[in-house]
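Taking this note's numbering, the leading residue of the sequence shown gets 723, the next gets one more, and so forth. Reading through the C-alpha cells given below for one structure.
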Amino acid sequence: MRIYLVLLGPPGAGKGTQAQILAEKFNLVHVSSGDLFRENLKNKTVLGQKAQAYVDRGELVPDDITIGMVKDRLMKSDCDNGAILDGFPRTPAQAEALAKLLSEMDGKVVSVPFISVPVETLIERLSGRWTCQAQGHIYHEKNNPPRVAGICDLDGSALYQREDDKRETVMHRIQVYQDQTAPLIEYYRKQNLLTEIDGTIGIENVTDRMITAIQEAL
Ligand code: AP5
Ligand code: MG
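Written out as C-alpha cells, the structure is:
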C-alpha cells in the first residue's frame, strides 16, 4: 500500500517548508504542484506556457492541466512508496481525481494536516520569503534566514522572490484559496482524515505537531 499525505493550508501557511522536512522524516517524495508549474515556466514547456497567465495572476490553473501534470509525477518510480502532496488537491474536482487515481494504484490518503494561519501573518510571511532557484528550498528574511544572505544553505544556488508574492497577487491568492480550496477542509474532515494544526507556533513546533498527527494516522 502506498501512502499519501495531503498538506492543506492557505498561501504562506508553511506547506512547502513542512513538506521538505517531512519528506525526509517519512522517506516520501515531496510533490508540490506549485514547484512543478514553476519548473515548467522556467523551462518554457508547452505546459508552462499554458499555466503562465494563471500563475502570474494568482489564479488556479484549470483542473485538467493540473490533474494531468500531478498524475504524471505520481506515476514516476520514485513515488513507489507514496508522496507528500503540497498544494494539490486544491479544488473538489482535483480531490475526486486524486481519490480515483490512488484507488487504481493501491494507494490512499492517510492524513491531511491543515495548517491554519491568520491572513496578516500570511502577508508578512510571503513578503519576506526567499526561494532557492535550483530546488525550491524556502527561507524567510526574519523567521528562517539563510546563513549567507541571498544564497541557499543546502545547495549554494541564488535565492529569489517569487513573482506571485507581490502584495496585490498575494491578496488575490488568499481570496482564491478561500473560494475554491477551503471547501476541502470539510471534504477531508468528513472522511476523518483532517487534523487542524496551529501554523503560527514556529517551524519546529509545527513539525512536531504534524509528526504526531501523521504517526497517529499510520
Ligand atoms: P503554490 O506554489 O502551491 O503556492 P501557495 O499554495 O500559494 O503556497 P505557497 O507556496 O505560497 O506557501 P506555502 O504554504 O508553501 O508556505 P512556505 O512553506 O513557502 O502555487 C503557486 C501557483 O501555482 C498558484 O497560485 C496557482 O496558480 C498554481 N497552482 C499550484 N497548485 C495548483 C493546483 N493544485 N491547482 C491549480 N493551480 C495550482 O512558507 C511561507 C513563508 O513563511 C516562508 O518564508 C517560510 O520560511 C515562512 N514560514 C513557514 N512556516 C513558518 C512558521 N511556522 N513560522 C514562521 N515562518 C514560517
Ligand atoms: Mg509552497
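Positions of the beta carbon are idealized from the N, C-alpha and C atoms, including for glycine.
*Taking C-beta to C-beta, are Val831 and Val728 nearer than 7 Å?*
yes
*Does ligand 1 have a heavy atom nearer than 6 Å to the CB of Val777?*
yes
*To which residues of the same chain is Leu769 closer than 7 Å at the C-beta, ignoring the five residues directly before and after it?*
Asn762, Ile787 and Met791
*Enumerated in chain order, which unbroken segments of the alpha helix (DSSP H) with a length of 4 residues or greater are wholly contained in the segment 801-878?*
814-826 and 841-849
*asked:* For a cutoff of 7 Å on Cβ pairs, would you count Ala904 as touching chain B?
replied: This model lacks chain B altogether, as it is built from one protein chain only.
*Which residues in the same chain as Ile789 place their Cβ atom closer than 7 Å to its Cβ, once the five residues preceding and following it in sequence are excluded?*
Gln816 and Ala819
*Using a threshold of 7 Å, state whether the C-beta atoms of Gln902 and Thr813 are closer than that.*
yes
*How many angstroms separate the CA atom of Ile896 from the CA atom of Leu881?*
24 Å
*Where Ile919 falls: helix, strand or coil (DSSP)*: strand
*Count the C-beta pairs between the segment 874-888 and the segment 772-786 that are closer than 8 Å, then say yes if the count reaches three, no if not.*
yes
*Which parts of the segment 774-804 are runs of the alpha helix (DSSP H), unbroken and 4 residues or longer, counting only runs that do not cross its ends?*
785-796
*Hey, Gly738 and Asp800: beta-carbon distance below 7 Å or not?*
no
_Within a Cβ cutoff of 7 Å, which residues of the same chain sit near Asp920, ignoring the five residues on either side of it in sequence?_
Ser838
*Assign Ser985 to one of two classes, buried (16 or more other C-beta atoms within 10 Å of its C-beta) or exposed (fewer than that).*
Lying outside 723 to 940, the shown extent of the chain, residue 985 is not represented and no answer is given.
_Three-state secondary structure assigned by DSSP to Leu727_ = strand
*Evaluate Met932 with the Cβ neighbour count: other Cβ atoms within 10 Å of its Cβ, from every protein chain shown; 16 or more gives buried, anything less gives exposed.*
buried
_Exposure label - Gln857; buried when at least 16 CB within 10 Å_ = exposed
*Excluding the five sequence neighbours on either side, which residues of its own chain have a C-beta within less than 8 Å of the C-beta of Gly872, listed in chain order?*
Trp852, Ala880 and Leu881
*Per DSSP, what kind of secondary structure is Ala904 in: helix, strand or coil?*
coil
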